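Note sheet for the following structure.
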Ligand code: DSN
């Protein structure tokens with residue numbers, strides 16, 4: 143029997159790897175097997191296409207390419223220029239952005255590039271002006287101290303962590319929490335929704351340099367037009383981190399007031415979540431910030447990863463196809479079906495439902511912490527992650543919430559009927575789990591966990607992952 147191209151490619155790659163370090167080849171094969179068998183509901187994960195994965199495994203990895211297209215610090219970057227320019231072009235077309243910078247290695251990196259660009263654009267500083275020259279090494283130690291004094295204590299207003307904001311929006315475990323004096327806006331305790339009047343009030347009081355919108359655990363749309371008006375009213379730069387919902391923007395599910403690109407001064411994202419590309423980040427902006435953003439490497443970033451930029455170009459080309467819009471809509475349809483299935487069974491959801499790709503369960507109604515629920519679900523073949531809920535009494539480590547999302551299962555082809563079956567599996571596990579003697583311990587009959595695990599695998603059998611890839 144002749145093998146298809148995808149099977150041949152991955153088999154051959156594993157054979158070559160196996161000849162050097164068989165344990166790595168085995169681990170790669172085992173990862174595919176595990177992903178095929180588990181019900182992946184982690185809201186930030188997905189399955190990139192074989193073309194995207196294959197674009198990363200090649201000699202582009204060997205090339206240094208600091209600088210930007212046509213202006214590199216290294217010779218011989220003509221092919222890197224080709225893929226970087228292609229990725230940027232696809233990103234600009236896809237999102238309707240004037241400028242795209244596709245070098246960031248992750249979402250944190252993309253946000254750091256954006257923060258630096260905003261600071262450089264906004265803060266009047268002789269030391270900073272000097273830092274913007276290409277010879278950063280020319281800065282004296284005194285310049286650096288002056289720079290830190292001048293840039294320090296800039297104000298950032300972003301969504302609070304327990305309302306679904308992200309660590310990189312000025313919270314202490316991240317460098318942004320050291321760089322900025324941060325204040326948060328939360329959500330309305332009664333509805334769980336962003337109260338724009340309260341955001342405006344906080345902006346008036348705090349006068350931030352940067353107003354950040356975007357989230358990793360807020361299950362609703364954000365009105366970016368209103369947020370921009372708030373930013374304008376206090377002279378703030380409006381930044382949106384769309385990492386979680388970039389696929390919904392690309393697929394034109396979020397349009398008008400809910401599309402961040404026309405409203406924000408600068409937009410950051412990862413490329414591997416709902417956008418379904420390789421692991422990495424990206425920045426979109428208008429011409430005013432483009433020069434500063436393009437200084438991301440070496441100002442903030444290490445050398446670009448040309449193999450990942452090649453994969454970004456492939457994934458962004460895929461996202462420009464009409465079927466991606468259908469995919470994006472199905473992500474939301476599935477999340478809503480999952481939410482409805484859970485609500486019907488009595489599960490408490492933050493905001494009562496969803497209008498994006500994620501659902502946030504408050505598992506306190508089951509008498510569990512997020513940590514207990516996460517592990518009990520994992521024992522049962524259902525991969526989720528625990529997450530704080532607003533005003534969470536269990537804090538950010540144990541939490542009272544479970545965050546689930548549909549981008550990955552939607553890629554496999556599961557639909558609303560399977561979402562209802564998934565809601566049933568989740569509800570059964572959580573109902574049958576009892577808390578143990580600590581916030582991490584729980585009791586779940588292993589036979590039940592095993593039974594649910596088998597049911598989860600059965601649910602997936604009609605929806606093979608990478609159906610064209612046969613490693614056997
Ligand atoms: N770690 C990502 C998530 O799971 O949402 C965000 O950085």
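Numbering (the working numbering), first residue to last: 143 to 614.
Where is the CB? At the ideal position from N, CA and C, for every residue including glycine.
Just so it is clear, the structure is predicted and the values come from calculations on it, not from any experiment.
Three or more pairs of CB atoms, one per stretch, sit closer than 8 Å, so the segment 480 to 496 contacts the segment 560 to 576. Looking at the backbone, the Cα of residue 576 and that of residue 606 are separated by about 33 Å. Restricting attention to 580, 334, 235 and 535, the CA atom closest to the CA of residue 494 is found in 334. Short of 6 Å from the beta carbon of residue 149, and not among the five residues preceding or following it, lie these beta carbons of its own chain, in chain order: 611 and 612. Counting C-beta pairs closer than 8 Å gives fewer than three between the segment 508 to 515 and the segment 324 to 344, which falls short of the contact rule. Secondary structure of residue 520 (DSSP, three-state): helix. Residue range 322 to 327 is occupied by the beta strand (DSSP E) that includes residue 323. The residues 395, in chain order, have a CB closer than 6 Å to that of residue 474 in the same chain once the five nearest residues on each side in sequence are set aside. Shown in chain order are the residues whose CB sits closer than 5 Å to a heavy atom of the ligand DSN: 186 and 358.
In this structure residue 388 touches residue 416 by the C-beta definition: roughly 6 Å separates them, less than 8 Å.
The alpha-carbon separation between residue 565 and residue 598 amounts to approximately 11 Å. When secondary structure is reduced to three states using DSSP, residue 215 falls in the coil class, being assigned neither helix nor strand.
Just measuring C-alpha positions, the residue of 463, 503 and 468 sitting nearest residue 480 is 503. The segment 312 to 332 and the segment 539 to 550 do not touch, with fewer than three beta-carbon pairs separated by less than 8 Å. Taking C-beta atoms as the reference points, residue 246 and residue 443 count as a pair closer than 8 Å.
Secondary structure of residue 533 (DSSP, three-state): coil. Segment contact: the segment 194 to 202 against the segment 430 to 443, fewer than three CB-CB distances shorter than 8 Å; contact not assigned. No Cβ-Cβ contact shorter than 8 Å links residue 410 with residue 233.
The criterion of a C-beta distance shorter than 8 Å is satisfied by residue 350 and residue 376. The beta carbon of residue 552 sits closer than 8 Å to the beta carbons of 469, 472, 473 and 476 from its chain, once the five residues preceding and following it are set aside; these are given in chain order. According to the DSSP assignment, residue 340 belongs to the alpha helix (DSSP H) that extends over 338 to 348. In this structure, residue 248 sits away from residue 445, with a CB-CB distance that is not shorter than 8 Å. Within the same chain, and ignoring the five residues on either side of residue 429 in sequence, the residues whose Cβ sits closer than 7 Å to its Cβ are 240 and 241. Residue 505 is positioned such that its CB atom lies closer than 8 Å to that of residue 544. Per DSSP, the unbroken alpha helix (DSSP H) holding residue 167 starts and ends at 164 to 179. Per DSSP, the beta-bridge partners of residue 427 are 241 and 408. Here DSSP, grouped into helix, strand and coil, assigns residue 540 to helix. By the Cβ-count criterion, residue 609 is exposed, with fewer than 16 other Cβ atoms from all chains shown falling within 10 Å of its own Cβ.
Rounded to the nearest angstrom, the gap between the Cα atoms of residue 603 and residue 179 is 9 Å. Residue 601 and residue 594 have their C-alpha atoms spaced approximately 10 Å apart. The beta carbon of residue 555 sits closer than 6 Å to those of 605, all from its chain and outside the five residues before and after it, given in chain order. Of the candidates 583, 338, 492 and 590, the residue whose Cα lies closest to the Cα of residue 517 is 583. The C-beta distance from residue 368 to residue 338 rounds to 5 Å, short enough to meet the 8 Å contact threshold. Per DSSP, residue 303 lies in no beta strand (DSSP E) segment and is marked neither H nor E. Assignment of residue 547 by DSSP, reduced to helix, strand and coil, places it in the strand class.
Within a 10 Å sphere around the beta-carbon of residue 152 sit 16 or more other beta-carbons, which makes this residue buried.
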